[in-house]
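*Asks:* Residue numbers (UniProt numbering): 2 to 315.
Ideal placement from N, C-alpha and C gives every residue a C-beta, glycine not left out.
There's a structure below that I have some questions on.
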Ligand code: SF4
Ligand code: MG
């Protein structure tokens with residue numbers, strides 16, 4: 002399949018206290034193919050949301066490029082940026098924050114279409130019903146208000162709204178994290194169905210590797226602003242980075258083994274303002290050696306399409 006987006010060496014720094022700079026993500030590169038699901042996984046503060054916001058043009062990177070259909074979208078402004086945003090939509094963790102509580106669901110879903118003058122007011126109801134159907138909600142939801150729905154239903158509405166402009170890419174940032182496990186599974190099922198029907202590309206950002214492993218074609222593991230491993234979703238059990246392996250123990254193991262996982266991940270995540278020299282994972286890694294405290298490991302291809310940043314691989 003063809004690449005739809007190429008993320009090249011994205012670095013984002015934010016000014017912080019005392020004139021320091023916080024590096025939220027550091028030289029992140031990623032090629033995303035048409036119709037695939039990329040899972041970006043890591044604990045909170047690992048830089049995954051920063052990458053998402055950069056993809057969505059919500060902020061410009063400090064360095065690096067994002068090519069969408071071959072065109073760098075990081076420097077676009079005004080109308081050109083707006084037109085690109087049409088093709089890259091988003092679904093966030095808490096749709097209630099994005100929904101106007103006084104608006105009916107039909108209007109919420111069709112708002113992007115009105116903004117782009119793609120429908121007239123009198124067409125809202127019919128169009129909204131069509132979109133509700135796609136996300137398996139009944140047509141009479143057009144007249145409801147956001148507070149009259151469950152969390153799962155609201156997330157379906159958020160997906161319907163994201164679908165309205167027929168985007169090529171949907172970025173989901175912790176889109177199912179606030180939901181019960183059973184509701185989560187239903188939303189994932191829906192996303193997979195929509196992908197099959199429409200060939201949508203997903204960038205699925207999530208702290209839960211177990212969930213991502215169920216449906217992502219490619220998995221990118223981030224730690225403290227760095228990509229530490231990239232691997233095919235169906236090869237996850239071959240992961241090599243000690244951090245990925247620690248996350249995986251929680252996925253594939255029984256309870257006694259989980260204690261071991263807790264052991265590996267006991268150390269605190271260092272402050273992104275005070276990054277250690279060498280490997281960012283060193284203080285939590287049981288395999289840490291001298292070189293790990295001196296030299297930052299770079300991503301190396303260890304097998305076809307499998308990249309790891311760890312000195313153990315050398
Ligand atoms: Fe552990 Fe060293 Fe690998 Fe970092 S580079 S993950 S400290 S073994
Ligand atoms: Mg986040």
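Consider the C-beta atom of residue 146 and the heavy atoms of the ligand SF4; say whether any pair is separated by less than 6 Å.
*Replies:* For residue 146, the shortest separation between its Cβ and any heavy atom of the ligand SF4 does not lie below 6 Å.
*Asks:* Buried or exposed: where does residue 288 fall if 16 or more other Cβ atoms within 10 Å of its Cβ makes it buried?
*Replies:* exposed
*Asks:* In whole angstroms, give me the CA-to-CA distance for residue 247 and residue 46.
*Replies:* 18 Å
*Asks:* Taking only runs that begin and end inside the region 128-196, name each unbroken alpha helix (DSSP H) of 4 or more residues, in chain order.
*Replies:* 152-164
*Asks:* When DSSP labels each residue in this structure, what does residue 44 get in the three-state scheme?
*Replies:* coil
*Asks:* Between which two residues does the alpha helix (DSSP H) containing residue 109 stretch?
*Replies:* 106-116
*Asks:* Excluding sequence positions up to five away, which residues of its chain have a Cβ less than 6 Å from the Cβ of residue 293?
*Replies:* Excluding five sequence positions before and after residue 293, the CB atoms of its chain that fall closer than 6 Å to its own CB belong to 279, 280, 283 and 312, given in chain order.
*Asks:* Less than 7 Å between the beta carbons of residue 12 and residue 28, yes or no?
*Replies:* Yes, the Cβ-Cβ distance between residue 12 and residue 28 is below 7 Å.
*Asks:* According to the neighbour-count rule (16 or more other Cβ atoms, all chains shown, within 10 Å of its Cβ), is residue 22 buried or exposed?
*Replies:* exposed
*Asks:* Run the Cβ filter for me: residues under 7 Å from any heavy atom of the ligand SF4, listed in the order they occur in the chain.
*Replies:* Environment of the ligand SF4, chain-ordered: 242, 243, 244, 280, 282, 283, 286, 288, 289, 290, 293, 298, 311, 312 and 313, taking every residue with Cβ within less than 7 Å of a heavy atom.
*Asks:* Residue 263: buried (16+ other C-beta within 10 angstroms of its C-beta) or exposed?
*Replies:* In this prediction, residue 263 has a pLDDT of 47, which is less than 50 and means its spatial position is unreliable; nothing more can be read from the coordinates.
*Asks:* When you compare only the Cα positions, how much space is there between residue 197 and residue 144?
*Replies:* 29 Å
*Asks:* State buried or exposed for residue 124, treating a residue as buried only when at least 16 other CB atoms are found within 10 Å of its CB.
*Replies:* exposed
*Asks:* Quick check on DSSP: helix, strand or coil for residue 72?
*Replies:* strand
*Asks:* Given a threshold of 16 other Cβ atoms within 10 Å of its Cβ, counted over all protein chains shown, does residue 274 qualify as buried or as exposed?
*Replies:* exposed
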